[in-house]
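Protein chains in written order, with the numbering used here: chain A, 1 to 347; chain B, 1 to 347; chain C, 1 to 347.
In this text, a Cβ means the ideal position worked out from N, Cα and C, and glycines have one as well.
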Amino acid sequence: MRFSTLIKALQQGQAGLKRAEVGGDPLIASAAALDQARSDQLSFLEKGNALTSAFGNSAVGAVLLPDQEDLIAIALERGLAFAVLVDPRLAFAEALELLHPRRRAQAGVHASAVLDERAVIEPGVSIGPRVCIGADSRIGAGSVLHPGVVIYDDVIVGENCELHANAVLHPGSRLGRSCVVHSNAVVGSEGFGFVPTARGWRKMPQTGLVVLEDGVEVGCGSTIDRPSVGETRIGAGSKIDNLVQVGHGVTMGRGCALASQVGIAGGARLGNGVILAGQVGVANRAVIGDRAIASSKSGIHGEVAAGEVVSGYPAIPNRLWLRCSAAFSKLPEMAKLLRELKRSTAQ
Amino acid sequence: MRFSTLIKALQQGQAGLKRAEVGGDPLIASAAALDQARSDQLSFLEKGNALTSAFGNSAVGAVLLPDQEDLIAIALERGLAFAVLVDPRLAFAEALELLHPRRRAQAGVHASAVLDERAVIEPGVSIGPRVCIGADSRIGAGSVLHPGVVIYDDVIVGENCELHANAVLHPGSRLGRSCVVHSNAVVGSEGFGFVPTARGWRKMPQTGLVVLEDGVEVGCGSTIDRPSVGETRIGAGSKIDNLVQVGHGVTMGRGCALASQVGIAGGARLGNGVILAGQVGVANRAVIGDRAIASSKSGIHGEVAAGEVVSGYPAIPNRLWLRCSAAFSKLPEMAKLLRELKRSTAQ
Amino acid sequence: MRFSTLIKALQQGQAGLKRAEVGGDPLIASAAALDQARSDQLSFLEKGNALTSAFGNSAVGAVLLPDQEDLIAIALERGLAFAVLVDPRLAFAEALELLHPRRRAQAGVHASAVLDERAVIEPGVSIGPRVCIGADSRIGAGSVLHPGVVIYDDVIVGENCELHANAVLHPGSRLGRSCVVHSNAVVGSEGFGFVPTARGWRKMPQTGLVVLEDGVEVGCGSTIDRPSVGETRIGAGSKIDNLVQVGHGVTMGRGCALASQVGIAGGARLGNGVILAGQVGVANRAVIGDRAIASSKSGIHGEVAAGEVVSGYPAIPNRLWLRCSAAFSKLPEMAKLLRELKRSTAQ
Numbered sequence: 001m002r003f004s005t006l007i008k009a010l011q012q013g014q015a016g017l018k019r020a021e022v023g024g025d026p027l028i029a030s031a032a033a034l035d036q037a038r039s040d041q042l043s044f045l046e047k048g049n050a051l052t053s054a055f056g057n058s059a060v061g062a063v064l065l066p067d068q069e070d071l072i073a074i075a076l077e078r079g080l081a082f083a084v085l086v087d088p089r090l091a092f093a094e095a096l097e098l099l100h101p102r103r104r105a106q107a108g109v110h111a112s113a114v115l116d117e118r119a120v121i122e123p124g125v126s127i128g129p130r131v132c133i134g135a136d137s138r139i140g141a142g143s144v145l146h147p148g149v150v151i152y153d154d155v156i157v158g159e160n161c162e163l164h165a166n167a168v169l170h171p172g173s174r175l176g177r178s179c180v181v182h183s184n185a186v187v188g189s190e191g192f193g194f195v196p197t198a199r200g201w202r203k204m205p206q207t208g209l210v211v212l213e214d215g216v217e218v219g220c221g222s223t224i225d226r227p228s229v230g231e232t233r234i235g236a237g238s239k240i241d242n243l244v245q246v247g248h249g250v251t252m253g254r255g256c257a258l259a260s261q262v263g264i265a266g267g268a269r270l271g272n273g274v275i276l277a278g279q280v281g282v283a284n285r286a287v288i289g290d291r292a293i294a295s296s297k298s299g300i301h302g303e304v305a306a307g308e309v310v311s312g313y314p315a316i317p318n319r320l321w322l323r324c325s326a327a328f329s330k331l332p333e334m335a336k337l338l339r340e341l342k343r344s345t346a347q
Numbered sequence: 001m002r003f004s005t006l007i008k009a010l011q012q013g014q015a016g017l018k019r020a021e022v023g024g025d026p027l028i029a030s031a032a033a034l035d036q037a038r039s040d041q042l043s044f045l046e047k048g049n050a051l052t053s054a055f056g057n058s059a060v061g062a063v064l065l066p067d068q069e070d071l072i073a074i075a076l077e078r079g080l081a082f083a084v085l086v087d088p089r090l091a092f093a094e095a096l097e098l099l100h101p102r103r104r105a106q107a108g109v110h111a112s113a114v115l116d117e118r119a120v121i122e123p124g125v126s127i128g129p130r131v132c133i134g135a136d137s138r139i140g141a142g143s144v145l146h147p148g149v150v151i152y153d154d155v156i157v158g159e160n161c162e163l164h165a166n167a168v169l170h171p172g173s174r175l176g177r178s179c180v181v182h183s184n185a186v187v188g189s190e191g192f193g194f195v196p197t198a199r200g201w202r203k204m205p206q207t208g209l210v211v212l213e214d215g216v217e218v219g220c221g222s223t224i225d226r227p228s229v230g231e232t233r234i235g236a237g238s239k240i241d242n243l244v245q246v247g248h249g250v251t252m253g254r255g256c257a258l259a260s261q262v263g264i265a266g267g268a269r270l271g272n273g274v275i276l277a278g279q280v281g282v283a284n285r286a287v288i289g290d291r292a293i294a295s296s297k298s299g300i301h302g303e304v305a306a307g308e309v310v311s312g313y314p315a316i317p318n319r320l321w322l323r324c325s326a327a328f329s330k331l332p333e334m335a336k337l338l339r340e341l342k343r344s345t346a347q
Numbered sequence: 001m002r003f004s005t006l007i008k009a010l011q012q013g014q015a016g017l018k019r020a021e022v023g024g025d026p027l028i029a030s031a032a033a034l035d036q037a038r039s040d041q042l043s044f045l046e047k048g049n050a051l052t053s054a055f056g057n058s059a060v061g062a063v064l065l066p067d068q069e070d071l072i073a074i075a076l077e078r079g080l081a082f083a084v085l086v087d088p089r090l091a092f093a094e095a096l097e098l099l100h101p102r103r104r105a106q107a108g109v110h111a112s113a114v115l116d117e118r119a120v121i122e123p124g125v126s127i128g129p130r131v132c133i134g135a136d137s138r139i140g141a142g143s144v145l146h147p148g149v150v151i152y153d154d155v156i157v158g159e160n161c162e163l164h165a166n167a168v169l170h171p172g173s174r175l176g177r178s179c180v181v182h183s184n185a186v187v188g189s190e191g192f193g194f195v196p197t198a199r200g201w202r203k204m205p206q207t208g209l210v211v212l213e214d215g216v217e218v219g220c221g222s223t224i225d226r227p228s229v230g231e232t233r234i235g236a237g238s239k240i241d242n243l244v245q246v247g248h249g250v251t252m253g254r255g256c257a258l259a260s261q262v263g264i265a266g267g268a269r270l271g272n273g274v275i276l277a278g279q280v281g282v283a284n285r286a287v288i289g290d291r292a293i294a295s296s297k298s299g300i301h302g303e304v305a306a307g308e309v310v311s312g313y314p315a316i317p318n319r320l321w322l323r324c325s326a327a328f329s330k331l332p333e334m335a336k337l338l339r340e341l342k343r344s345t346a347q
């Protein structure tokens, strides 16, 4: 694709094209990080990008830049094809879609799929080999089910969803439009609810629903449990990375982002736009306000206010935690000094 | 179902029915949490339940209560149908089973299942689509295998087990009666054993067994490894949540409960009734006594005595940890005070 | 197998046989830990092994020993069959392979497998039931694909690989020779890359590769993501345990070992021979030098020098961390002492 063709497409995009210099209008075959790019590849930079220093020596063919004079000056001096955008990262995402158009799955049901006679398959659905769909389950128009997906009875999948290989949807799963469930993820599994009795743990039946609103994405191997009653709900546009556990009865607002290996215990409530970094844990019935952020490995009990940034376990405000952590590594010195002071005051 | 019918069933149950007032004998269609219940729904309260305050305004149709005068007074005043029980949570579990009877899987082998000719299938087993069963493996009477389950050679599954979609059982897996393996869990996988050599890591063959005693439950995506020699053993009635790792050669007693994302390294030994909260880690060869409890994210080395409650990493007694954690957030102040004291004593 | 036969095999092995006493040349049927071994079983000891004290009373039939006089003396006194080796653990691995020879999977494609017409299957490959292989994917000679494996389009699997049940390989996966992917693992899944926009999270297309060099092993349920551009690379001979997350664009050197539930965020770089214990987290773009070791639950930001041993979160040198952790449990006492000192100096 010529760079000029790409520019025309970016003009229609959301990234805010401000300027374009097509230079020799190079043929762009693919994309790469700036320090590894070849002359037929596209790269991007944004403010504060660690690769900025690589720009002067990069063999890159064309580059998407933020509106930053020093970078534009380098591009001009080197006679590079470039574009200036309000959001060069977003432009790069748009460009990657153009350079690597997704192959549209063919509609139809593979001969090896096993569909219950009471399953409802809307038009334009693609059902791959070895998919199983249970009774009273419905697959929305345009959805794609990759090989080995298992859908139990009583599941609703909205339009244009994509379910990757070997993903499993249990009874009571309710997916909105344009959801993505990645390989080996499990949605709607039984919550971990047991009643202690004299004879041991007795299962609390888990009869509720799991609702994934529109545009939710569930990463590989992640598990979203259904509750005993009521629902587990993931708000529209929330994105969940790999190997995340969402317990029974959790509710999560819109546009949250949960990094890998996060665990959220039963009944916790997250607002809109909450960001949890890797390996964060959230305790039973914790409440996290809108746009709060927890840094990696934090453990959250109780309540986190909207907009707060927390760290550590138990989680405390991030700035305080940074200072406490720095002090932690000084603890042996502090203990020694304390002993000395005690001796000197005892004299 | 009329509330009076439910009451008759609870009389036969284990929850200790002490009193029942059927009021208008409402039709109960399902169950819900007290703050969300409608007039055709059942709820429950127990001592200290956070929803107690919602009771006065709840639209609930009938409620299961502990023997607590204030709650009974409200129920009587509102003319509600209610029952008083020794264990209202257990009664709620029993009621949920009545309200949502499990559809019994039909016995038989789906045409798309692939069974080795040396596999043994006992009577009344239900084998779903695309299940594979290897040579010399045996499936006990009444067990249910959901779609996509893979059973390698040399596996024994006891009676009335349930194996959910895409679960995998490796050679040497030995399941007792009434075990449940949830979707995408893996039992009997090779332990992570490698011998360092001049040429790199050399695999230690993992030739042992994994024994799940009666009533063990393994959560979605959890992995239970087999050891090089001997066995990994999970005691009767132990319950394991999602995404838990149990390493090779671990032994666990009866009635343990492991929350999500717990990791237990090779050779650790857990007694009976041990409870590990979410994301706890247990190191190689650690020993945990009966009924010990570890709070979330704890890391356990060495030994934990029976009945102890531990927290933190490295794990220390919970009460001490609470005080240490509180002090941790005061560390910058402490460091400052220490500097001041040093200055003042130096004068 | 007679012990003398085993000895002959060990002479050809890599473990450095220094001496052998066949005694009554017992028949060895299998192997066991020293404290559980019977007279037809083989065990081993190495320097500092915790089971050394069990040696005197063990019923073991034959034992592999390090060159340690006290152990040899016990073996001689008891008239045991034994061998002395430079590396008795390695010898035990070799012996287990002899005692439990792996059943060679039969070459051929099961009738229920679904292969795209543009898939390339080299000679001697074994493809189990219900395997799916997409277009333009190639399976190297001698590889074994267990039931339910799903290989998307555009995947290359080298020679003599083993893919366990229900493992999934996504487009852009490139496996070298003799790789093992365990059950329910996912290789080449989409990296967790989203661009924040006014309309919510917008997916950054993940168009790169995942390269597993020769001899890499990926544990059950682990996930190795592909990046937006460039590659995620796992160096030759690196071993990854269960439920590990390797983010998009991570590069890892040769011979690394990652224990269970480790999480490595996007773009981190690990050198050769790095060892990460269970539940370690590595942040975005962290850099870990050759042969560095992180103890369990550490959290690594920034840089770790070659050969360093780190612990804690944020990770600090292990020795310092041990002292700091010991001091942590003394924090309440320290705080009390500090208050007292303050009072006494204030007077």
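For a contact meaning CB atoms closer than 8 Å, what does residue i contact in chain A?
i: Asn184 of chain C; result: Asn166, Asn184, Gly221
Can you tell which of the options has the C-alpha that lies nearest to the C-alpha of residue i?
i: Ile264 of chain B; options: B:Ala31, B:Leu17, B:Gly249, B:Gly24; result: B:Gly249
i: Gly140 of chain B; options: B:Cys179, B:Glu122, B:Trp201, B:Leu42; result: B:Glu122
i: Gly267 of chain C; options: C:Ala286, C:Ala277, C:Gly255, C:Cys256; result: C:Ala286
i: Ala111 of chain C; options: C:Leu169, C:Arg118, C:Gly148, C:Ala83; result: C:Gly148
i: Val150 of chain C; options: C:Ser126, C:Gly176, C:Ala113; result: C:Ala113
i: Ala59 of chain C; options: C:Arg343, C:Glu69, C:Glu46, C:Gly79; result: C:Gly79
i: Cys132 of chain A; options: A:Leu115, A:Arg138, A:His146; result: A:Leu115
i: Ser311 of chain A; options: A:Gly302, A:Glu303, A:Thr232, A:Ile293; result: A:Ile293
i: Ala37 of chain B; options: B:Asn57, B:Val22, B:Gly24, B:Ala20; result: B:Asn57
i: Gly247 of chain A; options: A:Thr232, A:Gly255, A:Gly128, A:Met204; result: A:Thr232
Determine the chain B residues that contact residue i at a beta-carbon separation under 8 Å, and present them in chain order.
i: His361 of chain C; result: Nothing can be reported for residue 361 of chain C, as the shown portion of chain C is limited to 1 through 347.
How would you list, in chain order, the residues of chain A whose beta-carbon sits under 7 Å from the beta-carbon of residue i?
i: Leu337 of chain C; result: Leu338, Lys342
i: Leu243 of chain C; result: Leu243
i: Lys297 of chain B; result: Gly281, Gly299, Tyr313
Can you list the residues of chain B that residue i reaches, using a CB-CB cut of under 7 Å?
i: Ala107 of chain C; result: None at all; the shortest Cβ gap to chain B is about 17 Å.
i: Gly263 of chain A; result: Ser260, Gln261, Gly278, Gln279
Under 9 Å Cβ-Cβ, which residues of chain A neighbour residue i?
i: Met334 of chain C; result: Leu331, Met334, Ala335, Leu338
Find the residues of chain C that neighbour residue i, judging by a C-beta separation of less than 7 Å, and give them in chain order.
i: Glu97 of chain A; result: Pro205
Taking 7 Å as the cut-off, is the CB of residue i close to at least one heavy atom of the ligand GDP?
i: Val120 of chain A; result: The ligand GDP is not part of the structure shown, which contains no ligands of any sort.
List, in order along the chain, the chain B residues whose C-beta lies closer than 9 Å to that of residue i?
i: Arg226 of chain A; result: Chain B residues near Arg226 of chain A: none, gap ~11 Å exceeds 9 Å.
Consult DSSP for residue i and reduce its assignment to one of helix, strand or coil.
i: Phe44 of chain C; result: strand
i: Ser260 of chain B; result: coil
i: Ile72 of chain B; result: helix
i: Ile28 of chain C; result: coil
i: Arg138 of chain A; result: strand
i: Ala20 of chain B; result: strand
Contact check, residue i vs residue j under 8 Å by CB: the rounded distance?
i: Asn184 of chain A; j: Val186 of chain C; result: 6 Å
Would you call the region 152-167 of chain A in contact with the region 195-203 of chain A, where contact means no fewer than 3 C-beta pairs closer than 8 Å? By the Cβ rule, the region 152-167 of chain A does not count as touching the region 195-203 of chain A, because fewer than three pairs are nearer than 8 Å.
The region 214-225 of chain C / the region 216-227 of chain A touching (three or more Cβ pairs under 8 Å): Yes, the region 214-225 of chain C touches the region 216-227 of chain A.
Is it true that the region 38-56 of chain A meets the region 18-30 of chain A, where meeting means three or more beta-carbon pairs spaced less than 8 Å apart? Counting C-beta pairs closer than 8 Å gives three or more between the region 38-56 of chain A and the region 18-30 of chain A, which meets the contact rule.
With three or more C-beta pairs closer than 8 Å as the rule, is the region 320-327 of chain C touching the region 329-338 of chain A? yes
How about the region 5-19 of chain A and the region 90-105 of chain A: do they share at least three Cβ pairs that are nearer than 8 Å? yes
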